[in-house]
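First residue of the sequence shown? That's 1184 in this note's numbering, and the numbers climb one at a time after it. Heads up, the beta-carbon is just placed ideally off N, CA and C, and yes, glycines get one too. Computed from a predicted model, the values in this text were never measured in an experiment. Only one structure is covered here, and it is reproduced in the block below.
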Amino acid sequence: MEKVMLRNLEQLDIEQFQRNLITWFEVEQRDLPWRKDKNPYKVWVSETMLQQTRVDTVIPYFNRFIDQYPTIRDLSEADEEKVLKLWEGLGYYSRVRNLHAAVKEVNEKYGGKVPNSLDEISSLKGVGPYTAGAILSIAYGLPEPAVDGNVMRVISRILSIWDDIAKPATRKIFEKAIREMISQENPSFFNQALMELGAIVCTPTSPSCLLCPVREHCMAFHEGTTQDLPVKTKNKKQKNVHLAAVVLVNQEGQYLIHKRAENGLLANLWEFPNTEINLKQVGEKNQLCRYIKNEYGADIELTEMVGQIEHVFSHLKWFIHVYKGIIQNQVLEKPDLRLVNRTEMEQFAFPVSHQKMIKMIEQGTSS
Ligand code: SF4
1184 MEKVMLRNLE
1194 QLDIEQFQRN
1204 LITWFEVEQR
1214 DLPWRKDKNP
1224 YKVWVSETML
1234 QQTRVDTVIP
1244 YFNRFIDQYP
1254 TIRDLSEADE
1264 EKVLKLWEGL
1274 GYYSRVRNLH
1284 AAVKEVNEKY
1294 GGKVPNSLDE
1304 ISSLKGVGPY
1314 TAGAILSIAY
1324 GLPEPAVDGN
1334 VMRVISRILS
1344 IWDDIAKPAT
1354 RKIFEKAIRE
1364 MISQENPSFF
1374 NQALMELGAI
1384 VCTPTSPSCL
1394 LCPVREHCMA
1404 FHEGTTQDLP
1414 VKTKNKKQKN
1424 VHLAAVVLVN
1434 QEGQYLIHKR
1444 AENGLLANLW
1454 EFPNTEINLK
1464 QVGEKNQLCR
1474 YIKNEYGADI
1484 ELTEMVGQIE
1494 HVFSHLKWFI
1504 HVYKGIIQNQ
1514 VLEKPDLRLV
1524 NRTEMEQFAF
1534 PVSHQKMIKM
1544 IEQGTSS
């Protein structure tokens, strides 16, 4: 409840809190490649990559991405296929498609300079309140909140806020709290320090309160409720989807790959032919062969099942049986259906589950 938050905020020595937090950050901050300068484009790329992904995973992706596309202009002129390839394995691919579209808009409409007003930056594709706040505060030094799950966890503990952070409306309460608390002199370090604290000290299950620079300000610590906060209701149950996929090779040793639709899950990524299996019907192999004949006009022989893969998304779980197979006739290539040799395949971006399939075939292992 907002009233509770405001009342608890009154008890906070805001200036002392800011000093403790920022001083700690100045000394303890991790040396991360996107912290080397305050370039808004680099902040934007890093914050986009960091959504739903761990810092350790992001570092090599960020370095490769910036090496390849060092400026807004470079990225805006890039081929989407190549951009997706650089993102391959990071997941949540709509993030990079939106980033690419938004960067093109910045290049055309703002002369390649990321806008520094909340209205303009928020109108860019894929730029939500968190990313907008992060860019405005870190790159432009503006006192805008940047509230993500980490920050909500930290602030819910410090101010003893018991609203459910899984509900989208709750974010507003935290943004309001940060607007009251943020350092006007150094909003960049204030926001980054909160993110850093959430990442390395005030962690979800076992916060290191004894090492915490703002422990004396933390209501949850004093009240012994650090394990109960934040309140977060569980996601709805994931839907289970059963699939059969096949890595198909023709007489020339070429692989058949297919491009997914331009909207929806894993849009525009490439994959090996696969279909959802109806468990109520018998004959998984028959279902797969029939599907491939109908969709691609290919007569195939499935030689063996090489393993199975489980892949978890936020809302569904894939259980994939993976087969090896041979194409027995000529298949007509189309823009979204290609026959490629193993080297050429490296040019195409595949989701992680399909990268695993090719490894499985080559190593003869199952995951
Ligand atoms: Fe988090 Fe503990 Fe610090 Fe409170 S004292 S902010 S719970 S690490």
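Element boundaries [beta strand (DSSP E), containing residue i]
{"i": "Lys1539", "result": "No beta strand (DSSP E) contains Lys1539, which is instead part of the alpha helix (DSSP H) from 1535-1546."}
{"i": "Trp1227", "result": "Element bounds for Trp1227: not the beta strand (DSSP E) but the alpha helix (DSSP H), 1223-1233."}
{"i": "Arg1521", "result": "1520-1523"}
{"i": "Thr1458", "result": "1457-1459"}
{"i": "Tyr1323", "result": "Looking at the DSSP string, Tyr1323 is not in any beta strand (DSSP E), and its letter there is neither H nor E."}
{"i": "His1440", "result": "The question names His, yet the displayed sequence has Ile at residue 1440. Counting along the chain, the beta strand (DSSP E) containing Ile1440 begins and ends at 1438-1442."}
Assigned exposure category for residue i - 16 Cβ within 10 Å defines buried
{"i": "Leu1393", "result": "exposed"}
{"i": "Asn1457", "result": "buried"}
{"i": "Leu1515", "result": "exposed"}
{"i": "Ser1343", "result": "buried"}
{"i": "Met1540", "result": "buried"}
{"i": "Gln1437", "result": "buried"}
{"i": "Asp1262", "result": "exposed"}
{"i": "Ser1549", "result": "In this prediction, Ser1549 scores a pLDDT of 46, lower than 50, which makes its location untrustworthy; the coordinate-derived value is nonetheless stated afterwards. Result: exposed."}
{"i": "Glu1291", "result": "exposed"}
{"i": "Gln1530", "result": "exposed"}
{"i": "Ala1315", "result": "buried"}
{"i": "Val1465", "result": "exposed"}
Proximity to residue i [Cα-Cα], best of the options
{"i": "Phe1502", "options": "Cys1401, Leu1204, Ile1460", "result": "Ile1460"}
{"i": "Ser1320", "options": "Glu1230, Gly1309, Asn1191", "result": "Glu1230"}
{"i": "Asn1451", "options": "Val1238, Ile1383, Phe1245, Trp1270", "result": "Trp1270"}
{"i": "Glu1185", "options": "Leu1204, Asn1222, Ala1352, Leu1258", "result": "Ala1352"}
Residue range of the unbroken alpha helix (DSSP H) whose run includes residue i
{"i": "His1425", "result": "Careful: His1425 lies outside any alpha helix (DSSP H), inside the beta strand (DSSP E) at 1422-1432."}
{"i": "Tyr1474", "result": "1467-1479"}
{"i": "His1405", "result": "1402-1406"}
{"i": "His1183", "result": "No answer is possible for residue 1183: the residues shown for the chain start at 1184 and end at 1550."}
{"i": "Glu1435", "result": "Premise fails: Glu1435 is in no alpha helix (DSSP H) and is neither H nor E."}
{"i": "Trp1207", "result": "1197-1211"}
Practice item. May I have all residues whose beta carbon comes closer than 7 Å to any heavy atom of the ligand SF4, sorted in chain order? Key: The set of residues whose C-beta lies within less than 7 Å of a heavy atom of the ligand SF4 reads, in chain order, Val1337, Arg1340, Ile1341, Leu1380, Val1384, Cys1385, Pro1390, Ser1391, Cys1392, Cys1395, Val1397, Arg1398, Cys1401, Ala1403, Phe1404, Thr1409.
Point to revise | Stretch-stretch touch, CB-based, cutoff 8 Å, three pairs: the region 1428-1440 with the region 1500-1517 | key: Touching, yes.
Review point. Is the region 1359-1377 close to the region 1324-1331, with three or more CB pairs under 8 Å?
Key: Remark: three or more beta-carbon pairs, one from each stretch, lie closer than 8 Å, so the region 1359-1377 and the region 1324-1331 are flagged as touching.
Review point. Okay, do the region 1248-1258 and the region 1419-1430 touch, 3+ Cβ pairs below 8 Å being the bar?
Key: Touching, no, given that fewer than three Cβ pairs across the two stretches are closer than 8 Å.
Exercise for review: Would you check if there are 3 or more beta carbon pairs closer than 8 Å linking the region 1283-1294 to the region 1192-1212?
Suggested key: No contact exists between the region 1283-1294 and the region 1192-1212.
Review point. Are at least three pairs of beta-carbons, each pair with one atom in the region 1401-1408 and one in the region 1480-1488, less than 8 Å apart?
Key: Judged by Cβ distances under 8 Å, the region 1401-1408 makes no contact with the region 1480-1488, as fewer than three pairs qualify.
Review point. Within the chosen definition, does the region 1328-1340 reach the region 1375-1385 through at least 3 CB pairs nearer than 8 Å?
Key: Result yes; three or more Cβ-Cβ pairs closer than 8 Å.
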